[in-house]
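Participant: In terms of this note's numbering, the sequence shown is residues 406 to 783. Don't be surprised by glycine CBs; every beta carbon is placed ideally from N, CA and C. Mind having a look at this structure? Questions to follow.
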Amino acid sequence: MFDVMIVGAGISGAVLAERFAQDKKVLLIERRQHIGGNCYDKIDSNGILIHKYGPHLFHTDDAEIWQYLSKFTEWQIYQHKVLAMIDGQPVPIPFNLNTLYKVFPQNLAARLEISLLNNFEYGKKIPILELKNANDADLQFLADFVYEKIFLHYTEKQWNLTPDKIDGAVTARVPISISRDDRYFSDRFQAVPKNGYTAMIQKMLTHKNIKLMLNTNFSEVATLRDGKIYLFDSEFNGKIFYTGMLDELFNYKFGALEYRSVNMKFEMLDVENFQTAATVNYPNNYEFTRITEFKHIHPAKSARTTILKEYPQNYYVGKNEPYYPVFTDAAKTAYTKYLDELKNCPQIKAVGRLAEYRYFDMDDAVKRALEIHAEFKN
406 MFDVMIVGAG
416 ISGAVLAERF
426 AQDKKVLLIE
436 RRQHIGGNCY
446 DKIDSNGILI
456 HKYGPHLFHT
466 DDAEIWQYLS
476 KFTEWQIYQH
486 KVLAMIDGQP
496 VPIPFNLNTL
506 YKVFPQNLAA
516 RLEISLLNNF
526 EYGKKIPILE
536 LKNANDADLQ
546 FLADFVYEKI
556 FLHYTEKQWN
566 LTPDKIDGAV
576 TARVPISISR
586 DDRYFSDRFQ
596 AVPKNGYTAM
606 IQKMLTHKNI
616 KLMLNTNFSE
626 VATLRDGKIY
636 LFDSEFNGKI
646 FYTGMLDELF
656 NYKFGALEYR
666 SVNMKFEMLD
676 VENFQTAATV
686 NYPNNYEFTR
696 ITEFKHIHPA
706 KSARTTILKE
716 YPQNYYVGKN
726 EPYYPVFTDA
736 AKTAYTKYLD
746 ELKNCPQIKA
756 VGRLAEYRYF
766 DMDDAVKRAL
776 EIHAEFKN
């Protein structure tokens with residue numbers, strides 16, 4: 406009946422399904438009751454397009470990725486800007502030269518700017534932990550300030566770990582920008598799908614060769630026995646592209662992998678606008694990490710507004726959603742055991758953020774899926 410089975414209808418699964426459907430019969434299953442994975446969005450009762458699982462902003466320097474997705478959507482140009490509440494006032498982040506003059510007296514800010522430009526090239530982004538190691542008294546002062554006011558407590562809330570216990574790939578995502586560019590991203594292409602991610606992914610999945618089953622777990626339709634795969638009780642000789650969690654696939658044989666989850670709390674307010682930017686971070690004093698107001702991302706004519714407060718929390722199997730892999734040494738060791746177990750199932754290929762236990766931006770996920778299709782299309 407099917408040549409290819411894909412588990413998960415998020416962005417990775419959708420790209421794989423669309424590509425393989427050009428010449429193969431594809432079964433696409435999804436455990437949730439909707440497509441789109443964490444990119445899923447919908448219009449709420451205020452008439453505002455909201456992102457159910459937190460804000461998703463598309464950005465890439467890869468023209469091939471941009472052109473591929475452009476076949477399925479028109480784009481609304483959007484350049485993301487983020488503020489952080491520091492000592493009671495909103496300031497631009499990543500911390501940049503403009504931020505200097507928001508948080509420090511003029512003379513001190515000017516002196517710190519000179520130190521930054523003497524030590525680093527203009528336009529570069531410097532990871533906060535690298536700045537802490539700079540051999541300059543002014544830069545050490547600045548590093549300590551940024552570390553304490555912007556990075557430390559936000560990171561502890563987000564990961565429930567101190568920064569020194571987290572993989573450098575995570576800490577590198579929070580740099581100081583040696584520029585006056587207030588944009589959160591500097592990629593060539595920055596936009597959101599005009600009608601939303603769900604509409605874009607729906608268009609990707611309209612091919613007649615794709616059979617979509619929602620509200621369906623892998624274990625409900627397939628089993629692994631003696632190195633063989635049985636789909637609907639018949640032996641399946643095709644390829645399976647699995648975008649879910651490997652620990653779940655193998656029934657937590659080596660224990661549950663570590664993830665951080667987020668309690669997403671939406672609020673509808675009787676004001677036209679709540680804040681001046683799409684996202685405002687709250688590194689200190691509050692249990693939530695950030696507030697997003699979706700009107701800034703998808704403009705809507707409404708006298709009311711919708712905001713989202715994000716409360717990081719531990720992930721518990723079957724109770725909440727796994728959002729972010731926790732990149733500790735123990736977590737990496739556990740994941741390696743599942744990778745070794747996967748070698749006993751050569752028909753199954755792990756693809757995407759959950760299955761590969763990595764943090765992917767959306768363009769990374771699309772690129773990875775296209776590469777996997779190119780590798781296995783024959």
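Have a look at the DSSP bridge pairing and note the partners of F693.
Facilitator: The residue given as residue 693 occupies position 288 in the sequence shown. BP columns for F693 are empty, so no partner.
Participant: Three or more beta-carbon pairs under 8 Å between the stretch 767-782 and the stretch 470-483, yes or no?
Facilitator: They touch, by the three-pair rule.
Participant: Can you give me the start and stop residues for the beta strand (DSSP E) that Q563 sits inside?
Facilitator: Within the sequence shown, the letter at position 158 stands for residue 563. Looking at the DSSP string, Q563 is not in any beta strand (DSSP E); the run it does join, the alpha helix (DSSP H), is 558-564.
Participant: For N540, verify whether its CB is less than 7 Å away from any heavy atom of the ligand FAD.
Facilitator: Absence of the ligand FAD from the depicted structure is noted, as is the absence of any ligand whatsoever, leaving it without description.
Participant: Give me the Cβ distance between G643 and L759, rounded to the nearest whole Å; I'm assuming they're in contact under 8 Å.
Facilitator: Start at 1 with the first residue of the sequence shown, and residue 643 comes out as number 238. Start at 1 with the first residue of the sequence shown, and residue 759 comes out as number 354. So it is not a contact: roughly 21 Å between Cβ atoms.
Participant: My understanding is that Y794 touches D631, with C-beta atoms under 8 Å, so please give their C-beta distance in whole angstroms.
Facilitator: The question about residue 794 has no answer here: the residues shown for the chain are numbered 406 through 783.
Participant: Starting from the C-beta of R436, find all residues in its chain whose C-beta is less than 6 Å away, skip the five residues before and the five after it, and write them out in chain order.
Facilitator: Position 31 of the sequence shown, counted from the start, is the residue given in the question as residue 436. Within the same chain, R436 has close Cβ partners N622.
Participant: For R593, which residues of its own chain have a beta-carbon under 6 Å away from its beta-carbon, when the five flanking residues on both sides are left out?
Facilitator: In the sequence shown, the residue the question calls residue 593 occupies position 188. Here the set comprises D466.
Participant: From what residue to what residue does the beta strand (DSSP E) around S666 run?
Facilitator: Here residue 666 is taken as the residue at index 261 of the sequence shown, counted from 1. Counting along the chain, the beta strand (DSSP E) containing S666 begins and ends at 664-674.
Participant: Is the stretch 551-560 touching the stretch 489-498, taking contact as three or more C-beta pairs under 8 Å?
Facilitator: Touching, yes.
Participant: Considering only the alpha carbon of each residue, which of Y506, Y716, D745, L674 lies closest to G452?
Facilitator: Taking the sequence shown and counting its residues from 1, the one referred to as residue 452 is at position 47. Comparing Cα positions, the closest option is L674.
Participant: Quick check on this structure: which residue in A604, F679, K616, K613 has the alpha carbon closest to the alpha carbon of F477?
Facilitator: Working through the sequence shown from its first residue, we reach residue 477 at position 72. Per the Cα distances, A604.
Participant: Please tell me whether H778 and L421 are closer than 8 Å, where the distance is taken between their beta carbons.
Facilitator: Locating residue 778 in the sequence shown gives position 373, where the first residue counts as 1. Locating residue 421 in the sequence shown gives position 16, where the first residue counts as 1. Contact flag set, yes.
Participant: To the nearest angstrom, how far is it from the Cα of E677 to the Cα of N725?
Facilitator: Start at 1 with the first residue of the sequence shown, and residue 677 comes out as number 272. Start at 1 with the first residue of the sequence shown, and residue 725 comes out as number 320. Going by the C-alpha atoms only, they are around 32 Å apart.
Participant: Given N540, which residues of its chain have a CB within under 8 Å of its CB, disregarding the five upstream and five downstream residues?
Facilitator: Walking along the sequence shown from the start, residue 540 turns up at place 135. Counting only Cβ-Cβ distances below 8 Å, and skipping sequence neighbours, we find nothing.
Participant: For the putative contact between V667 and G418, defined by C-beta atoms under 8 Å, what is the C-beta separation to the nearest angstrom?
Facilitator: Within the sequence shown, the letter at position 262 stands for residue 667. Within the sequence shown, the letter at position 13 stands for residue 418. Actually they do not touch by this definition, with Cβ atoms about 21 Å apart.
Participant: Buried or exposed: which applies to P497, given that a residue is buried once 16 or more other Cβ atoms fall within 10 Å of its Cβ?
Facilitator: The residue given as residue 497 occupies position 92 in the sequence shown. Flag for P497 reads buried.
Participant: Are W564 and V431 close, meaning C-beta to C-beta below 8 Å?
Facilitator: Position 159 of the sequence shown, counted from the first residue, corresponds to residue 564. Position 26 of the sequence shown, counted from the first residue, corresponds to residue 431. No. Outside cutoff.
Participant: May I ask which residues mark the beginning and end of the beta strand (DSSP E) holding L432?
Facilitator: Sequence index remark: in the sequence shown, residue 432 carries index 27 (1-based). Looking at the DSSP string, the run of the beta strand (DSSP E) that includes L432 is 431-434.
Participant: Hey, is the stretch 750-758 in contact with the stretch 680-687, meaning 3+ C-beta pairs nearer than 8 Å?
Facilitator: As far as the Cβ criterion goes, the stretch 750-758 does not touch the stretch 680-687, which means the pair count is below three.
Participant: Pairs of beta-carbons, one from the stretch 526-546 and one from the stretch 703-711, closer than 8 Å: are there three or more?
Facilitator: Touching, no, given that fewer than three Cβ pairs across the two stretches are closer than 8 Å.
Participant: Would you call the stretch 743-754 and the stretch 433-450 in contact, with 3 or more CB pairs under 8 Å?
Facilitator: Segments in contact, no.
Participant: Going by beta-carbon coordinates alone, are Y664 and L654 separated by less than 8 Å?
Facilitator: The residue given as residue 664 occupies position 259 in the sequence shown. The residue given as residue 654 occupies position 249 in the sequence shown. Their beta carbons are not under 8 Å apart, which means Y664 does not touch L654 by this criterion.
Participant: Going by beta carbon distance, what residues of the same chain come within less than 8 Å of K608, once the five residues before and after it are set aside?
Facilitator: By 1-based counting over the sequence shown, the position of residue 608 is 203. Hits under 8 Å: F477, T478.
Participant: Specify the secondary structure class of S639 as computed by DSSP and reduced to three states.
Facilitator: In the sequence shown, counting from the first residue as 1, residue 639 sits at position 234. Looking at S639 - three-state DSSP - the assignment turns out to be strand.
Participant: Among all the DSSP beta bridges, which residues are the ones paired with W480?
Facilitator: As a working mapping, residue 480 is identified with position 75 in the sequence shown. Answer by DSSP bridge pairing, in chain order: P598.
Participant: Pick helix, strand or coil for V487, following the three-state DSSP scheme.
Facilitator: Here residue 487 refers to the residue found at position 82 when the sequence shown is read from its first residue. The answer is strand: DSSP assigns V487 an E or B state.
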